[in-house]
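Here's the structure we're looking at; comments come further down.
Residue numbers (this note's numbering): 71 to 225.
As structure tokens, this is what we get:
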């Protein structure tokens, strides 16, 4: 006849033995998971995104927008925005059609309206000479670009 206490002890032993195997396996899985995440976070990726994220987390809104758009374009658009009254219309020139810089410029200058026909202002990005018929140079921002105004509009 088997002692009842012996059966309980054997069951307890099997439980403890199985539990510690599970515990070791969970520790191993957790350790591998932590090592992979540390490797993922510490390594520098090919685009340098961690440096960009650090910059974006530590700077103000205007600096973030300048970083994303590029300093040259951002400074020029701030210059144009300063001299264009609210409610006026504009057209962009000097941008590659449908380029990311053109899209960023239109987005940045919102709520001013971008129109193709007869705008109040023409924003000329880059080094170009001459003006479209009916427009004169209103302001110049170094070699980065110019702001043209339609003749007959007071700046």
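Just so it is clear, CB atoms sit at the ideal spot from N, CA and C, and this is done for glycine as well. Keep in mind the model is a prediction, meaning the values are calculated, not measured.
- Of the other Cβ atoms in all chains shown, 16 or more fall within 10 Å of the Cβ of residue 154; this residue is therefore buried.
- Contact holds between the stretch 155–170 and the stretch 183–196, because three or more Cβ pairs, one in each stretch, are under 8 Å apart.
- Residue 163 is bridged by DSSP to 194.
- At a Cβ-Cβ threshold of 8 Å, residue 218 and residue 150 do not count as neighbours.
- Residue 211 is bridged by DSSP to 215.
- Taking the C-beta atoms as reference points, residue 135 is found no nearer than 8 Å to residue 125.
- Here residue 146 is near residue 215, since their CB atoms are less than 8 Å apart.
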